[in-house]
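Below is one structure, written out as structure tokens; the observations come after it.
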RNA sequence: GCCACUUUAGCUCAGUUGGUAGAGCAGCUCAUUCGUAAUGAGCAGGUCGCCGCUUCGAGUCCGGCAAAUGGCUCCA
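In the numbering used here, the protein residues as written are 83 to 731.
This is the structure we're talking about:
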């Protein structure tokens, strides 16, 4: 008998060799139906693999990530089996589970390509395989035999993988006629898969290196119930509706033009209003936090970027040098603002009493992104960073860092961004040559970030090797509607640039000292932030950001003048209005699709005896009844004001 | 940059085996004044992404280029 400890710390006895499924059956028949895999002492394993010793276990169902991983990993194998029978001679790379489903990288037979039609065929085949209820069988195999097996099969990718494994740890999984090199774990058999969808086909380099051959990656997702698939497809549809590229077009926020060039957004009037409001908001916050606005040019001498070290790193991602009629004179469209700000710092000698100096600029930068990387507003070639550089004394670093976190929180709170990840990016200690600066400075910078986050009670994840080449950073990532994660706010500590630009201040000891530099951009970039904001709100912006806050509509032509007066009256209170003079019945003319994008519709003129009254219709809430104009103005100002008051406290 | 798939009116899309383009919405004109998912009639809108090739004839076949989309690599 062995002792099995369950997650609630209760202990049950079983015969040695009991399987996960056996344990599930002993607990309840429903659990036995739902269980997908098992963790044994922290290691996720097959349900059918016997347990021989005392162990702490956890059974995983569809509700656990481990359960879904197992489900999708097995699904990848089923897809591979289907592809092998559909296109014999296909070679297989790797086929893992991912956040939403799985993929398999395959090398198609010479001259073959996959189309949508093929996917439908493969889907059919997969369903057939699933219904066969073939057991998925694990077997351990010696390295020698594994190499022999895949040599016979002619799968060079598997051979490459095996050659890197140690003998004695190699396992195969087989279902039906398909055998794959795999660590597992897997479902007991194929029949768990009830519903599936192959979502798309993409190219992917073997082992992620563009030096290697491009394989075909087939993405798919499977479910244990048909209903779950349907729900997932609905979710995808919903996500498409929120796509910032779609909303941006519909709301006339921004556009792209082939004539202007790819990755270069054109901000339309309404989009510019949105951006301006965000800028105004951040400017106000930054003013409170002691920032000074500066303006620097869009180009800079190549020497500047060579000095900063950015040329080496960004040279290939920059637009080519701009030449002047003068021989040997070379400029670069600026790929970042930091060097310019360093030069502003150097403008005059600084005293320790002057620090911290906080220089802020909405600085537009240009980077040559590879064409395939461009994506709506989230990845562009010209973008505006809400950039600032804080030059401070080492003893001020932590406090300054904390204050930047405060600014980011103010923004996130104002815009209702709750679902973010804070990532501390440190240098890879085993690869120090990738970075510049002394160990001492790195340790100082890294611990300043870690301490600051701890002090804020910020829940963070730490990534080694993700630091900038000049220093560690704290990044804020936000997930969009579809679940893609985007880096927005970033705070970076830098000892390197002050060194390179020979930045100094005179200390209380009358000696020269080196300031520390903090790079920070709470939005990240205006473009990406707007994209995420659009998707986050699905176009229903908070009233203080809305491109058109209030639409004033005269109920008939004879109230046009009055509508204009109402509009002027509100505009004077900094409430943005648009007079819509489509002299038609409002039910027909202001369509719901439009109403989704404006918070308030004011209908004026309906009461001829009391022209001070307007009918109010509010976004998403329908008619609000009639109120006097003064009441309405107060209502709006209260709404806008309360948000801003709260933010700036 | 690489792989795959796209590109037809301002927008969303039809266009069958090659015979010189359609619809709905938006726009404009006229009529309608009817309070919340679309009032009626009419008009106007396109070198079918661009450049070549094949053909008596190309939106349609073939080739090249460009851009968009989904990924890979890379990044704010």
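Where a beta carbon is used, it is the ideal one built from N, C-alpha and C, also for glycine.
For residue i, the three-state DSSP class (helix, strand or coil)
i: residue 345; result: coil
i: residue 451; result: coil
i: residue 421; result: helix
i: residue 397; result: helix
i: residue 269; result: coil
i: residue 294; result: coil
i: residue 559; result: strand
i: residue 690; result: Here the model assigns residue 690 a pLDDT of 48, short of 50, so the residue's position is not dependable, and the following value carries that caveat. If DSSP states are grouped into helix, strand and coil, residue 690 belongs with coil.
i: residue 432; result: coil
i: residue 149; result: helix
i: residue 373; result: coil
i: residue 117; result: coil
i: residue 138; result: strand
i: residue 716; result: helix
i: residue 326; result: helix
i: residue 123; result: coil
i: residue 88; result: coil
i: residue 275; result: coil
i: residue 320; result: helix
i: residue 695; result: strand
Cα-Cα separation between residue i and residue j, rounded to whole angstroms
i: residue 405; j: residue 411; result: 6 Å
i: residue 365; j: residue 116; result: 54 Å
i: residue 568; j: residue 611; result: 9 Å
i: residue 660; j: residue 520; result: 58 Å
i: residue 718; j: residue 494; result: 22 Å
i: residue 277; j: residue 270; result: 17 Å
i: residue 376; j: residue 292; result: 41 Å
i: residue 696; j: residue 313; result: 43 Å
i: residue 392; j: residue 460; result: 22 Å
i: residue 304; j: residue 196; result: 20 Å
i: residue 548; j: residue 93; result: 43 Å
i: residue 318; j: residue 721; result: 33 Å
i: residue 453; j: residue 399; result: 11 Å
i: residue 336; j: residue 345; result: 12 Å
i: residue 257; j: residue 211; result: 9 Å
i: residue 490; j: residue 556; result: 11 Å
i: residue 581; j: residue 388; result: 14 Å
i: residue 690; j: residue 684; result: Because the pLDDT at residue 690 is just 48, under 50, the model does not fix this residue reliably, and the value given afterwards should be weighed accordingly. Going from the Cα of residue 690 to the Cα of residue 684 covers about 15 Å.
Sub-8 Å separation of residue i and residue j beta-carbons
i: residue 201; j: residue 172; result: no
i: residue 120; j: residue 141; result: yes
i: residue 244; j: residue 225; result: yes
i: residue 573; j: residue 502; result: no
i: residue 587; j: residue 390; result: no
i: residue 470; j: residue 442; result: yes
i: residue 298; j: residue 283; result: yes
i: residue 154; j: residue 306; result: no
i: residue 208; j: residue 158; result: no
i: residue 175; j: residue 184; result: no
i: residue 633; j: residue 657; result: no
i: residue 715; j: residue 649; result: no
i: residue 518; j: residue 551; result: yes
i: residue 616; j: residue 326; result: yes
i: residue 152; j: residue 215; result: no
i: residue 348; j: residue 342; result: yes
i: residue 360; j: residue 605; result: yes
i: residue 186; j: residue 219; result: no
i: residue 576; j: residue 599; result: yes
i: residue 352; j: residue 629; result: yes
DSSP bridge partner residues for residue i (one or two, in chain order)
i: residue 618; result: Per DSSP, none; premise fails for residue 618.
i: residue 636; result: 686
i: residue 288; result: DSSP output for residue 288 lists no bridge partner at all.
i: residue 505; result: 543 and 557
i: residue 186; result: 300
i: residue 550; result: 553
i: residue 446; result: 466
i: residue 569; result: 559
Pairs of beta-carbons, one from the region 500-518 and one from the region 591-606, closer than 8 Å: are there three or more? The region 591-606 and the region 500-518 do not touch, with fewer than three beta-carbon pairs separated by less than 8 Å.
Are three or more beta carbon pairs between the region 463-483 and the region 527-537 nearer than 8 Å? Because the criterion of three Cβ pairs below 8 Å is met, the region 463-483 and the region 527-537 touch.
Given 8 Å as the limit, is there contact between the region 413-422 and the region 352-361, that is, 3 or more CB pairs closer than that? They do not touch, by the three-pair rule.
Pair every Cβ in the region 119-139 with every Cβ in the region 90-106, then say whether three or more of these pairs are closer than 8 Å. When Cβ pairs closer than 8 Å are counted between the two stretches, the region 119-139 is seen to touch the region 90-106, the count reaching three or more.
Between the region 233-251 and the region 321-338, do three or more beta carbon pairs fall short of 8 Å? The region 233-251 is not in contact with the region 321-338.
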